[in-house]
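J.:
Number of protein chains: 2
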Amino acid sequence: MSVTAARGFTASGVSAGIKDSGAPDLALVVNRGPSYAAAAVFTSNRVQAAPVRWSRRVIGDGALAAVVLNSGGANACTGPAGEDDARAMAERTARALRVEAEQVAVCSTGLIGVPLPMDRVTAGIDAAAAELSEDGGEAAAIAIKTTDSVHKTAVASGSGPDSGPRSGSGPGPGPGWTVGGMAKGAGMLAPGLATMLVVLTTDADVSAPTLDSALRQAVRTTFDRVDSDGCMSTNDTVLLLASGASGVRPDPAEFAEAVHGVCLDLALRLVADAEGASKEIEVRVVGAASEQDAVTVGRSIARNNLLKCALHGEDPNWGRVLSAIGTTSAVFDPDRLDVSINGVRVCRDGAAGEPRDKVDLSGRAVTVTVDLRSGDASATIWTNDLTAAYVHENSAYSS
Amino acid sequence: MSVTAARGFTASGVSAGIKDSGAPDLALVVNRGPSYAAAAVFTSNRVQAAPVRWSRRVIGDGALAAVVLNSGGANACTGPAGEDDARAMAERTARALRVEAEQVAVCSTGLIGVPLPMDRVTAGIDAAAAELSEDGGEAAAIAIKTTDSVHKTAVASGSGPDSGPRSGSGPGPGPGWTVGGMAKGAGMLAPGLATMLVVLTTDADVSAPTLDSALRQAVRTTFDRVDSDGCMSTNDTVLLLASGASGVRPDPAEFAEAVHGVCLDLALRLVADAEGASKEIEVRVVGAASEQDAVTVGRSIARNNLLKCALHGEDPNWGRVLSAIGTTSAVFDPDRLDVSINGVRVCRDGAAGEPRDKVDLSGRAVTVTVDLRSGDASATIWTNDLTAAYVHENSAYSS
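Right, here's the structure in full:
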C-alpha cells in the first residue's frame, strides 16, 4: 500500500530511460490535501547531493505538495549544473501539478558524479504526472529501487485512544488515520548505490512541528541505527507528508508511535534486503552509563569488519566484540564485560564464559548482547555480516 | 638481520608446540648490554591483553634486559589467570637469563580468550634460552609469525654527521651504530590474528628518554598510519631496546631518522603482506588546515569499505572518496575538493574532472591524493583493498 495507503495521496512510477536497463526509474508522490504539512531528515554527510540541498531549502516552511524521485543517478558532486538540474526537476513537477516549485522536494539515487540525462528526466516527470493514481504507491516504491532485490513498503494505522497503532504491510486505511511509507536502499550493505530514500505519508491532521518531532524521534532510533557498513550516503532523505484527509487529529504520542513503527519496519526491511549479506545481526548494548555510550559501543561492534567476517563464518568470536568495545571511550571496566551471542554468555567478566560450541549460528538471525555493567541505558544497532558477495557487488560493477 | 643486526643482542626462535601446526611459536630477544635503555608504545585499545599490562608496568623504569614473545595465543581476555601466565613467562625467562622478571617484556599474539598452554610455553622458553645466538634474529622473526606469509625485518645504520642513516634489509652493522627490527602482523588485513608486534634494537648509546622520543615520533607517522581495516588489536606492542654496544652516542635527530626509517620500512612490509589484499593503497591528504585534519580525512577514506571494494574492482570511484570525506569534521568546502587517483585528477571542485577511464588501476600500487584546499598540512595513510579473500581468511577459520 506504500505511500498511497493514507488518504489524500496519489503516486506513480514510470520508466524514464535514466537507467540503461529500462527498469522503472522515476516516481511521483503527490499530496492532494487539504493539509500540506511536511517534515524531513537528511544525510549528515557534509558532501550533499544537489537534490538534498534543494529539498532542505524548500522544506523550510514545513509544507510540501509533492515529491519527485529518480533512481539511476544521484546528482551528487555534479557542481552548479547539478544544482540547476535539481531545481529543473522541481520546476517541471510543479508545472505538471500546477503547484509552486518550492512545494516540491527532490530525491535522487544512483552513481555519484554523473549528470542526469535531463531530457529523459523531464519527459519522465510528465509521464509520471499523467499516471498518478490512488493505487500508485507500489509503482512508486518499485521505481526508486537501485540494487534492492525487493521494494519496501509499510503501513500503520490508528483510530483513537482505544486502539493503538497497528504496524504491518497489510490492507489499507481503517476508519481512523494511517501512516504509510516506502523505502529504497539495499541496506548499506549492497550500496553500489548506497542511498536510502524514504517517503512517508499520513492522512492524519498533524501540524508541521508535530510531524517534525515524530519523524526525528523515529529516525533517531530506527534508520539512524541501521549500520550495515558504516558508509554514509550523500543523498539520504526521509520525508513525511501529511494530507489531513482523514479529518482525524491523533494523539501526538500515538501518532509518533505509528511513525516509529513504520520507520522500524522499513529499517528492518533494509537490513533484511542487504544484498550480499547472509546474516542479519542485532547488536544490543545494555547496562550502559548513557544511551550515547550504548550507541557508540553498538556502532563500533557493528562496524568491526573482523567480527562481521567471523559471524559470516558462524564463529562466535567474542574476542572481536571486546576488541571493538575497547576502541570506544564509553564507560566500562574491561574486566566486567559480559557478551552473549544468540543467548549464550560466551564472555563473562571480560574472559571466557560458556563454551563457544554451545552457540548456534546456523540461522540468518544473530543477536549479540553486550552488558557494559555500568548503568541502565541501552540501545540496539542492526547490521549485517561481511561476505565475499558484498565485495563482489561493490567491486565488480562501476557503480 | 633483524633484531641481531645491532651489536649486543642475541635472539632465538623455537617450536614450543603452542601452535598445533608445529611451526615456530616462541622467540627471545636478549640485550647483553652494556646499556639496557628501552622504550615502548602499546595499543590504545582499552581492552588490553595480559602481556600488554605486564610490559607496560615493567617498561616504567626505561630499562629492559629481554623480550619473550609467543605466537599461537594472545593471552587476551583471559582474566586473572592470564595475568598470572604473563608474569610466569617473564619469571621463567628471567630465571633462564639470570635477570629480574621486571626486566623482561612479554608479547603474545593469537586467538583472544584462550589460555596459553603454560607447560609448553615454559619448556619453550628454556629451549629458546639454550639457542640464543648473535645470528638468531631471523629465527626470532619467523617464530612470531601468525598469518604472515613472510617474516619482516629491517635495518638502518649511521656512523655520524657525515653519513646519514641507510635504510634497507641488507647486511649488518657498519663501523658506527645500527637500528634493526622485526615485525609480525599480516597488516590488519589478514588479522584472523590481528596483532602487530614489533621489536627494534640498537647498539647506539642512547638514553631511555631519547629512545622514547624517537620511538613515539616514528610510530606516530608509520605504524599508526597503517590502517588496513580499522580494527585495533588488544596486543599491539612496539619495543625499542638499546645496548650501547657500539659505543657511539649518535646525534638524536639522526638517530630518530634511523628509527623512523626502520619503522616505515616495517610498516610498509605489513601493508605489502596483508593477505587477501590485491592492492596497496596510499591515501595522501594535502592542503589540510592541520595535520590532524589530514589524518582524520585519510583514515576515513582508508576505512571506507565501499571505496576499498571499488579499488579492488579497479574502479576509480571518486564519489566514494568524497562521500568518505564528507563524514569528517575537517575544514573543507565540498565544492572545492580535488581528488586524483594514480595521478589523474578525476574530481575537481567537488565535481567530475578528468575522465575516469584515464586512470590505470591495473597495478598493485594505488595512490589516492585528496587536496582539501584549506591549508598546507598533509598526512599519508596506508591501507589495502577489501577482497573476497579477506572475508574468506577472516571467516573460514576460528581465529
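So the sequences go chain by chain: A and B. All the letters of the first sequence, read from the start, carry residue numbers 1 to 399 under the numbering used here. All the letters of the second sequence, read from the start, carry residue numbers 400 to 798 under the numbering used here. Yeah, the Cβ is synthetic: ideal placement off N, Cα and C, and Gly gets one too. Only a predicted model underlies this, so the values are computations on that prediction, with no experimental measurement involved.
With DSSP as the reference, label A/Ile144 as helix, strand or coil.
T.: Residue numbering aside, residue 144 of chain A sits at position 144 when the first sequence is read from its first letter. In the structure shown, A/Ile144 sits in coil (DSSP, three-state: anything other than H, G, I, E or B).
J.: Name the chain A residues that come within less than 7 Å of B/Trp717, Cβ to Cβ?
T.: In the second sequence, counting from the first residue as 1, residue 717 of chain B sits at position 318. Neighbours of B/Trp717 on chain A, chain order: Gly113.
J.: Taking only beta-carbon positions, decide if B/Gly697 is within less than 8 Å of chain E.
T.: In the structure shown, chain E cannot be found, because the protein chains are A and B.
J.: Relative to the C-alpha of B/Ile740, which candidate in B/Leu706, B/Pro450 and B/Ser773 has its C-alpha closest?
T.: The sequence position of residue 740 of chain B within the second sequence is 341, counting from 1. Among B/Leu706, B/Pro450 and B/Ser773, the Cα nearest to that of B/Ile740 is on B/Leu706.
J.: With 9 Å as the limit, tell me which residues of the segment 505-533 of chain B have their beta carbon closer than that to any beta carbon of chain A; keep them in chain order.
T.: Those would be Leu510, Ile511, Gly512, Val513 and Pro514, in chain order.
J.: So what's B/Arg683 in DSSP terms, helix, strand or just coil?
T.: Translated into positions along the second sequence, residue 683 of chain B becomes position 284. Of the three classes helix, strand and coil, the one that applies to B/Arg683 here is strand, per DSSP.
J.: Can you tell me whether B/Asp419 is buried or exposed, with buried defined as 16 or more other CB within 10 angstroms of its CB?
T.: The residue labelled residue 419 of chain B in the question sits at position 20 within the second sequence. By the neighbour-count rule (16 or more Cβ atoms within 10 Å), B/Asp419 is not buried but exposed.
J.: Going by the beta-carbon positions, is the gap between B/Gly579 and B/Val549 smaller than 8 Å?
T.: Position 180 of the second sequence, counted from the start, is the residue given in the question as residue 579 of chain B. Position 150 of the second sequence, counted from the start, is the residue given in the question as residue 549 of chain B. No.
J.: Give me the Cα-Cα distance between B/Val682 and A/Ala294, rounded to the nearest whole angstrom.
T.: The sequence position of residue 682 of chain B within the second sequence is 283, counting from 1. The sequence position of residue 294 of chain A within the first sequence is 294, counting from 1. Straight-line Cα distance between these residues: approximately 32 Å.
J.: Measuring only the C-alpha atoms, how far is B/Asp635 from B/Cys506?
T.: As a working note, residue 635 of chain B is residue 236 in the second sequence. As a working note, residue 506 of chain B is residue 107 in the second sequence. Distance between the alpha carbons of B/Asp635 and B/Cys506: 8 Å.
J.: In whole angstroms, what is the alpha-carbon distance linking B/Ala480 and A/Asn384?
T.: Taking the second sequence and counting its residues from 1, the one referred to as residue 480 of chain B is at position 81. Taking the first sequence and counting its residues from 1, the one referred to as residue 384 of chain A is at position 384. Cα to Cα, the separation comes out at about 35 Å.
J.: Which term fits B/Asp759, buried or exposed, when burial requires 16 or more other beta carbons within 10 angstroms of its beta carbon?
T.: Counting from 1 along the second sequence, the entry for residue 759 of chain B is found at position 360. It counts as exposed.
J.: Name the chain B residues that come within less than 7 Å of A/Ile325, Cβ to Cβ?
T.: The count along the first sequence starts at 1 and reaches residue 325 of chain A at position 325. Per Cβ cutoff of 7 Å: Val446.
J.: Give me whichever residues DSSP pairs with A/Met196 in a beta bridge.
T.: What you label residue 196 of chain A is simply residue 196 of the first sequence in a count that begins at 1. Partner(s): none; A/Met196 has no beta bridge.
J.: I'd like to know whether the C-beta atoms of A/Gly402 and A/Leu26 end up nearer to each other than 8 Å.
T.: Since the displayed chain A opens at 1 and closes at 399, residue 402 of chain A lies outside it and no answer follows.
J.: For A/Ala130, which three-state DSSP category applies?
T.: Taking the first residue of the first sequence as 1, we reach residue 130 of chain A at position 130. It is helical.
J.: Spatial neighbours of A/Ile112 within its chain, please: CB distance less than 6 Å, with the 5 preceding and 5 following residues excluded, ordered by chain position.
T.: If you number the first sequence from 1, residue 112 of chain A lands on position 112. Correct list, in chain order: Ala74, Ala76 and Cys77.
J.: Under a three-way DSSP split, which group does B/Leu771 fall into?
T.: Residue mapping note: residue 771 of chain B aligns to position 372 of the second sequence, counting from 1. In this structure, B/Leu771 counts as coil in the three-state DSSP scheme.
J.: Buried or exposed: B/Ala709, going by 16 or more other Cβ atoms within 10 Å of its Cβ?
T.: On the second sequence, residue 709 of chain B is found 310 positions in, with the first residue counted as 1. Counting Cβ neighbours within 10 Å, B/Ala709 comes out buried, since at least 16 surround it.
J.: Could you pull the DSSP bridge partners for B/Met581 from this structure?
T.: For the purposes of this step, residue 581 of chain B is taken as the residue at position 182 of the second sequence. Paired residues: B/Thr552 and B/Val598.
J.: Would the segment 244-261 of chain A and the segment 31-49 of chain A be scored as touching if the rule is three or more Cβ pairs under 8 Å?
T.: Yes: the two stretches touch, three or more of their Cβ pairs being nearer than 8 Å.
J.: For A/Val121 and B/Asn716, what's the separation of their Cα atoms in angstroms?
T.: Residue 121 of chain A sits at position 121 when you count from the first residue of the first sequence. Residue 716 of chain B sits at position 317 when you count from the first residue of the second sequence. The alpha-carbon atoms of A/Val121 and B/Asn716 are separated by roughly 24 Å.
J.: Could you work out which residues of chain A lie near B/Ser632, taking near to mean beta carbons separated by less than 9 Å?
T.: The sequence position of residue 632 of chain B within the second sequence is 233, counting from 1. Those are Ser323, listed as they occur along chain A.
J.: So, with DSSP's three-state summary, where would you put B/Asp748?
T.: Translated into the one-based positions of the second sequence, residue 748 of chain B becomes position 349. Residue state, collapsed to three classes: coil.
J.: Does DSSP put A/Gly136 in a helix, in a strand, or in coil?
T.: Taking the first sequence and counting its residues from 1, one reaches residue 136 of chain A at position 136. In the structure shown, A/Gly136 sits in coil (DSSP, three-state: anything other than H, G, I, E or B).
J.: Rounded to whole angstroms, what is the Cα-Cα separation between A/Leu386 and A/Ile281?
T.: Taking the first residue of the first sequence as position 1, residue 386 of chain A is located at position 386. Taking the first residue of the first sequence as position 1, residue 281 of chain A is located at position 281. Rounded to whole angstroms, A/Leu386 to A/Ile281 spans 11 Å at the Cα level.
J.: Could you tell me which whole beta strand (DSSP E) segments of length 3 or greater appear in the segment 216-245 of chain A?
T.: If we require 3 residues or more, the beta strand (DSSP E) runs fully inside the segment 216-245 of chain A come out as 237-242.
J.: In its own chain, which residues sit with a C-beta less than 7 Å from the C-beta of B/Leu665, not counting the 5 before and 5 after it?
T.: For the purposes of this step, residue 665 of chain B is taken as the residue at position 266 of the second sequence. Around B/Leu665: Lys551, Ala553, Gly580, Ala582 and Val597.
J.: Using a beta-carbon distance cut-off of less than 9 Å, what residues from the segment 471-482 of chain B approach chain A?
T.: Those would be Ala473, Ala475, Cys476, Thr477, Gly478, Pro479, Ala480 and Gly481, in chain order.
J.: List the whole-angstrom C-beta distance separating A/Gly276 from A/Ala389, where the pair is believed to meet the contact cut-off of C-beta under 8 Å.
T.: As a working mapping, residue 276 of chain A is identified with position 276 in the first sequence. As a working mapping, residue 389 of chain A is identified with position 389 in the first sequence. Right, the Cβ-Cβ distance comes to about 4 Å (below 8 Å), so this counts as a contact.
J.: CA-CA distance, A/Arg345 and B/Val738?
T.: Start at 1 with the first residue of the first sequence, and residue 345 of chain A comes out as number 345. Start at 1 with the first residue of the second sequence, and residue 738 of chain B comes out as number 339. Going by the C-alpha atoms only, they are around 47 Å apart.
J.: Thinking C-alpha only, which one of B/Ala462, B/Pro423 and B/Gln691 is nearest B/Ser777?
T.: Taking the first residue of the second sequence as position 1, residue 777 of chain B is located at position 378. The shortest Cα separation from B/Ser777 among B/Ala462, B/Pro423 and B/Gln691 belongs to B/Gln691.
J.: Less than 8 Å separating the beta-carbons of A/Val41 and A/Arg216?
T.: For this step, residue 41 of chain A is matched to residue 41 along the first sequence. For this step, residue 216 of chain A is matched to residue 216 along the first sequence. Yes. Within cutoff.
J.: Taking only beta-carbon atoms, is A/Pro191 less than 8 Å away from chain B?
T.: Here residue 191 of chain A corresponds to residue number 191 of the first sequence, with the count starting at 1. Any reading at A/Pro191 is ruled out, since the residue's pLDDT is 35, under 50, leaving its predicted position unreliable.
J.: If B/Ser773 and B/Ala688 are in contact, beta carbons under 8 Å, what's the gap, nearest whole angstrom?
T.: The sequence position of residue 773 of chain B within the second sequence is 374, counting from 1. The sequence position of residue 688 of chain B within the second sequence is 289, counting from 1. Contact flag correct, Cβ pair sits at about 5 Å.
J.: Are any of the Cβ atoms in chain A nearer than 8 Å to that of B/Leu669?
T.: Looking up residue 669 of chain B in the second sequence gives position 270. Judged by the 8 Å Cβ criterion, B/Leu669 is not in contact with chain A.
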